[in-house]
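S.K.:
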Amino acid sequence: MDAGARDTFTEGGANERTLPPGLTEEEAAELELELSKVEDEIQTLRHVLSSKERHAGELRRRLGISPLIEIKSNLTKGWHNVQSSNAYLTASATLEDISRSEAYKKTQETLSQAGMITSSAFSSLSSALRSKLGEMRNSPTFKNLEDKMGAGGSTNGGEM
Numbered sequence: 004m005d006a007g008a009r010d011t012f013t014e015g016g017a018n019e020r021t022l023p024p025g026l027t028e029e030e031a032a033e034l035e036l037e038l039s040k041v042e043d044e045i046q047t048l049r050h051v052l053s054s055k056e057r058h059a060g061e062l063r064r065r066l067g068i069s070p071l072i073e074i075k076s077n078l079t080k081g082w083h084n085v086q087s088s089n090a091y092l093t094a095s096a097t098l099e100d101i102s103r104s105e106a107y108k109k110t111q112e113t114l115s116q117a118g119m120i121t122s123s124a125f126s127s128l129s130s131a132l133r134s135k136l137g138e139m140r141n142s143p144t145f146k147n148l149e150d151k152m153g154a155g156g157s158t159n160g161g162e163m
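Start counting at 1 in the sequence shown, then tack on 3, and there's your number in our numbering.
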């Protein structure tokens, strides 16, 4: 960007910016020039980066590296980085210590027993329900209902 195209610093005016406190006009002009050069460099770097990204994409295409392969590789590298991080190693060591503790072992044993008792209770409930349904099916009321449904279904073509 051209330094001349910027607003000039003065003591005041409609289209002009005022000087920050403690800054002379010469210093402001020098900073404006430096800012313009830095912005030009940024723009140049953006163009170079864009060109390099296009070139890298072309090289990946020629090598047969698809976006899916890149994602897989990035995920693998990322997971490796996580596993080798201090936070992961510390948490892993802490969990190992917890799993060796007496409280954990007691809790695990209690939950295992509770699971077995629950499983046994559901098994008993299932047997009781199966038995009751068998009794109901053999009851005169159910047989009467079954006969009526069977007779009604055969007279109208099986439709209900």
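The beta-carbon is built from N, C-alpha and C at its ideal position, and this holds for glycine as well.
(1) Taking the straight line between their C-alpha atoms, what separation do you get for Arg-63 and Ser-88?
(2) Quick one: which unbroken alpha helix (DSSP H) runs of 4-plus residues sit fully inside the region 65-150? Chain order, please.
(3) Grouping DSSP H, G and I as helix and E and B as strand, with all else coil, what is Leu-52?
(4) Cα separation between Glu-56 and Gln-46?
M.R.: Working from what's here:
(1) 29 Å
(2) 70-86, 89-103, 105-140
(3) helix
(4) Their backbone Cα atoms lie some 15 Å apart in a straight line.
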